[in-house]
Every structure is written in structure tokens, then in C-alpha cells.
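To convert, note that position 344 of the sequence shown is 344 in UniProt numbering; the numbers rise steadily by one, no gaps.
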Amino acid sequence: MTMLLVRRAVQAVRTNHRRSFSASRPLNQRKGLVLGVFEQEGKEGGPHLTETAAGFDQALSGKLSDLLKISGPALKKGKSRIFYGLHKDFPCVAVVGLGKNNEGLCVAENWDTTKENIRQAVSIGCRLLQDLEVSNVEVDGCGDSQAAAEGAALGLFHYDQFKSKKKTEVTAQLHGSADLAGWERGVVFAEGQNLARLLMEAPANHITPTVFANTIEEKLAPHAEKVTIKKRSQAWIEEQQMGAFLSVAKGSDEPPVFLELYYNGSPDTTQAPLLLVGKGITFDSGGISLKPSASMDAMRADMGGAATVCASIVTAAALKLPVNIIGLAPLCENMPSGKASKPGDVVTAKNGKTIQVDNTDAEGRLILADALCYGHTFNPRAIVNVATLTGAMDVALGSAATGVFTNSDWLWEQLHKASVVTGDRVWRMPLFRHYTRQVTDSQLADLNNIGKYSRSGGACTAAAFLREFVTAAHWAHLDIAGVMSNKDEVPYLTKGMSGRPTRTLVEFATRLAQHS
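This is how it looks when you write it as C-alpha cells:
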């Protein structure tokens with residue numbers, strides 16, 4: 001039965017992830033086109049079309065410009081208009097508002113506004129055509145083909161594996177631009193995030209620790225010459241004396257898996273690796289400290305850290321980045337049972353530190369503690385762990401940015417620069433000793449898995465707890481609880497699990513490779 005579930009889940013991932021964002025492909029009858037238009041600088045004159053849209057307009061003797069003038073007010077950012085029968089090759093043409101031309105980097109917003117506007121506009125245009133059941137769409141690069149490709153691929157993603165009525169599958173490709181490399185790069189970046197979304201959205205009975213590991217193995221198979229995968233069993237975890245990890249896993253009948261990914265992309269085999277560690281709780285009930293039933297179903301995505309880390313490595317391999325990366329994902333469920341940890345239990349982590357578990361729903365930090373200890377054995381150049389760790393992070397930042405706690409100014413700077421490019425932002429949070437004292441003051445053990453003052457500064461005390469298992473000079477903890485899902489905050493992501501911050505991790509690894 002377990003193997004049947006494995007095969008079905010892997011096939012589901014294969015089927016859903018086979019989205020086509022090709023450079024060139026024969027198109028059928030139902031074709032659409034997405035074109036961009038900037039906001040007019042003054043009240044006079046016609047619409048400010050992109051270079052590609054202007055060329056299309058010229059081929060039609062100005063008919064597109066004329067229609068834009070008479071069909072309503074000038075298109076603002078994020079607004080759209082659709083025209084039919086304009087061109088024999090494109091029965092449907094969606095024109096989307098890009099906002100002001102060349103807005104560029106916005107310091108206040110911590111992102112490149114032009115790139116974000118393109119992602120948003122293109123996604124809106126593609127979804128409009130998808131709703132019209134147009135199966136082949138060509139997209140205006142809008143001056144930044146990578147951002148356009150990301151907008152298209154991210155905007156067209158949908159999870160309907162278990163629905164009888166499916167959305168139209170859309171093939172998107174670049175129209176009228178020479179920057180094919182940028183488009184293809186954007187497709188790879190976006191499909192990496194979509195892989196993380198796919199894993200996070202899947203029901204917990206279909207993505208168990210075993211199925212998760214097998215799915216990632218399947219996705220990395222095309223890159224086998226540079227990738228090594230190790231799926232460690234419970235017996236190995238016990239041999240490693242990962243008592244904190246095992247204390248969480250033992251409440252479930254699903255066996256834990258410690259997943260190790262080795263991507264050897266650097267020509268220098270002696271290059272120290274970047275270490276990525278992801279929290280892999282494939283379902284979090286809270287354990288004996290049971291969560292409220294409302295919205296508990298969303299805890300199928302509590303392995304978002306592992307999903308984004310593994311998807312980032314799949315993407316790095318697809319891009320053939322010249323950098324060495326190791327990914328670690330402790331995978332298990334957090335369930336209540338007669339075998340589960342009880343509040344007040346004391347467990348021993350891999351490094352010998354004892355932990356008083358006063359809240360079994362603060363389990364992510366326990367499994368990460370052992371993974372971080374193990375990760376140090378690889379002598380990494382930097383460690384980045386990613387986890388949907390605390391509700392307090394959601395309270396603090398909401399979905400605007402991932403919270404970053406780090407002991408390294410250099411590492412913060414690299415992560416921040418990467419996030420400005422991707423638009424998937426990060427924000428630095430405090431890692432004061434003030435918070436350390438709140439987790440080291442424990443009645444029964446060296447550490448307590450919750451802060452002394454309970455909810456106060458919960459994201460900060462969780463980070464302080466993890467710091468107790470870190471000796472590396474360059475370490476960052478990314479708390480992604482606030483960005484785990486999307487309602488309508490990020491316009492180019494549909495409602496559901498977000499897969500954030502996969503693209504920021506990939507951009508970070510890319511920059512690291514460039515500076516090696």
C-alpha cells in the first residue's frame with residue numbers, strides 16, 4: 001500500500017509539473033497574445049506601448065493604439081483589456097498595464113518595481129486567456145524576459161490533482177524578443193517555486209516523509225551526474241543520536257526520513273559547500289499540545305522549509321550553477337499518540353545538549369537542532385536553514401517578507417540583494433542575547449523549547465534556540481511562516497501555498513557561484 005501511494009504521488013507530481021513554457025512549439029488554433037503598455041507620462045498622445053507591442057501595432061497600421069484610445073481610460077498598473085479578432089494569428093489579445101516605465105529599484109519597498117510590475121501584469125494577462133480556454137499564449141518580454149517568464153509560469157500554476165474538472169493547460173512562450181536566454185532562465189526559476197508549491201499544497205496523506213523523499217529523487221534524476229541523494233532511515237537517525245528529531249517523529253506511524261542532497265556543480269571539488277537545511281514536518285497536528293482544529297489542514301505545508309530547500313537544489317541543478325550545495329531535510333509527522341512526547345519531557349540532541357519540551361507544538365526547532373548539528377560536519381561556507389517555524393513571525397511581518405535571523409552581516413547582505421531582484425523579500429530580525437536567556441533558563445534541562453515568557457517575541461526566542469546548535473560564522477535562519485500561503489497579497493501567485501522564498505534562495509546561490 002505504501003509503495004502504491006509513492007507511485008501515485010510521484011506520478012501526480014510528474015503530471016502537474018510538466019507545464020510547458022517553451023521557446024518554440026507548434027501552436028494549435030486557440031492562440032492568444034499578451035502585450036504590455038506603460039502608463040502615459042502626460043495627458044496628450046497615444047498609449048506608451050512596449051517595443052514588442054509597438055511592433056505589433058505597427059503591423060496592424062496603428063489599430064491596437066486606436067482601440068486602446070476608444071475602449072476606455074488609459075490602462076493603469078495591473079489593469080487589463082482584451083481584444084478579439086485583431087490579428088489572424090491571435091484571435092485573443094490581452095493588453096496589460098505595466099505602470100510607469102523604468103521605475104527600477106525602490107529602496108522603500110526593497111525590490112525592483114519594474115520587475116514586479118512585469119510579473120504582475122503578465123500573470124494577469126495569461127490568466128485572462130486561460131479563463132477563456134486559450135491553450136497557447138505568446139508573451140511580450142516587456143523589456144525583462146526573465147520577469148515576464150516568471151509572471152507567466154507562476155500565474156498559470158494551479159493545483160487540481162484531485163478535481164474532476166481541470167483548468168486549461170496553457171503553453172506559454174516568448175513573443176517578438178531576442179532575449180530567449182532570459183525567458184528560459186525565468187521559466188526555470190518559476191518552475192522551481194512551482195515545485196515547492198506543488199509539494200506544499202498536496203494533502204498530507206499523499207506527501208508523507210517517504211513520498212516527499214521519493215518525489216525529490218525523481219525530480220533530480222535528470223541531473224544524476226552531479227547529484228547524490230541519500231535517504232536515511234530511522235535506524236540511521238538513531239545511530240546518529242538525533243534524540244530531538246526522534247522525539248518528534250515517534251508519535252506517528254509514518255517512519256521518519258533524513259534526506260540528504262549533494263549537488264556538486266563547482267569544477268573545484270574542494271570548494272566548501274553552501275548548506276541548506278529545511279524543516280520537513282509533512283503534517284503538524286501539534287502533537288499532545290494539539291492545535292485548534294480550525295485551519296489545521298494548512299499544516300500539510302509545515303514542510304515548506306524542506307520543500308523550498310529541495311526545490312532550490314533542483315533548480316540549481318537545472319541551471320547548472322557552478323557551486324556546491326548540500327541540502328538536509330529531516331522529514332516526519334508531528335502526531336499525538338501513546339508514543340508521542342509529552343509536555344515536560346526531556347530529550348537529548350545530537351550535540352549532547354538536553355532540551356525540556358514544554359510544548360510539543362514547538363517541534364520544528366527540535367528537528368532542525370539535530371540537522372544543524374549534523375550539517376556542521378561538512379564544514380560549509382555558509383548555513384541557511386528555512387522553516388515555517390512560528391506563528392509569531394506571521395504576526396510580526398505578515399506575508400510581506402521572510403524574517404531573517406543571522407549572525408553574519410555578509411550573509412544578510414547576500415540574501416537581501418537576492419531578494420531585491422526576485423521581489424520575494426526578506427527582512428532582518430534581532431538575534432539579541434536577550435532572547436537567548438529566555439530559552440536557556442530551563443528548570444529541568446540545558447534548554448527549553450519555548451521562551452520563558454511564552455508568546456512574547458516568539459519568533460526571536462525560536463531563533464535564539466536554534467543558535468544554540470550553531471558554531472558556524474555564517475548562519476541564517478529564515479522563518480517563512482508568514483509567507484507560507486498566499487491569499488491575494490502577491491498578485492502573480494494564485495490563492496494557496498506560495499512556495500516562497502524558493503526564487504530568492506536560487507538567486508542567492510547564483511550570486512554565490514558568481515563570486516566564488
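Every residue gets a Cβ at the ideal spot worked out from N, C-alpha and C, and that includes glycine.
Assignment of Y262 by DSSP, reduced to helix, strand and coil, places it in the strand class.
If the five residues before and after K452 are omitted, its C-beta is found closer than 6 Å to the C-beta atoms of Q438, D441, all from its own chain and listed in chain order. Secondary structure note for R300: it is in no beta strand (DSSP E), with a DSSP letter that is neither H nor E.
As a beta-bridge residue in DSSP terms, Q356 pairs with V346, N448. Taking 8 Å as the upper bound for CB-CB distance, T510 and S312 are not in contact here, some 10 Å apart. When the beta-carbon positions are compared, D140 and T50 come within less than 7 Å of each other. When secondary structure is reduced to three states using DSSP, H87 falls in the strand class. Beta-carbon to beta-carbon, E39 and G99 are separated by about 6 Å, close enough to satisfy the 8 Å threshold. Excluding five sequence positions before and after L154, the CB atoms of its chain that fall closer than 8 Å to its own CB belong to R119, S123, A190, Q193, N194, Y492, L493, given in chain order.
Per DSSP, the beta bridge partners of E333 are F283. Q443: not part of any beta strand (DSSP E); DSSP gives it neither H nor E.
Ranking K250, N110, A94, L447 by CA distance to the CA of L67 puts A94 first.
About 4 Å separates the CB atoms of F469 and L372; that is less than 8 Å, so the two are in contact. D424 is positioned such that its CB atom lies no closer than 7 Å to that of R365.
Separation of N117 and G391 (C-alpha to C-alpha, rounded to the nearest whole angstrom) is 30 Å. Comparing alpha-carbon positions, the option among D57, A272, F258 lying closest to C332 turns out to be F258.
Judged by DSSP in its simplified three-state form, S252 adopts coil rather than helix or strand.
By the neighbour-count criterion, in which a residue is buried when 16 or more other Cβ atoms sit within 10 angstroms of its Cβ, D253 is exposed.
Beta-bridge analysis with DSSP links M497 to S485.
When DSSP reads this structure, A74 sits in no beta bridge, so it has no partner. Between V137 and L75, the C-beta gap is not smaller than 7 Å, which leaves the two residues out of contact.
For V404, the enclosing beta strand (DSSP E) covers residues 402–406.
Between the region 350–367 and the region 279–289, the count of C-beta pairs closer than 8 Å reaches three or more; the two stretches touch. In this structure, DSSP gives R455 a state outside helix and strand, which the three-state scheme calls coil.
Taking a cut-off of 8 Å for Cβ pairs, the region 372–390 and the region 70–85 do not touch, as fewer than three such pairs fall below it. Residue burial annotation: G278 is buried, with at least 16 other C-beta atoms found within 10 angstroms of its C-beta.
Excluding its 5 nearest sequence neighbours in each direction, W236 has C-beta neighbours in its own chain below 8 Å: F258, listed in chain order. Of all alpha-carbon atoms in K163, V248, C92, F90, the one lying nearest the alpha-carbon of E363 is that of V248. Assigned with DSSP and collapsed to three states, F245 falls in helix. Cβ neighbours of G496 within its own chain (closer than 8 Å, five residues either side excluded): Y159, R197, E201, S485, N486. In terms of Cα proximity to T208, the closest of M299, A464, S61 is M299. In terms of Cβ geometry, V346 and A462 do not form a close pair [threshold 7 Å]. Comparing alpha carbon positions, the residue from L274, N102, R467, C106 closest to L368 is R467. DSSP places D140 in the uninterrupted beta strand (DSSP E) bounded by 136–140. Minimum Cα-Cα distance from A513 among the listed residues Q234, S408, Q414, F245 corresponds to Q414. Taking a C-beta distance under 7 Å as the contact criterion, L431 and F465 do not qualify as a contact pair.
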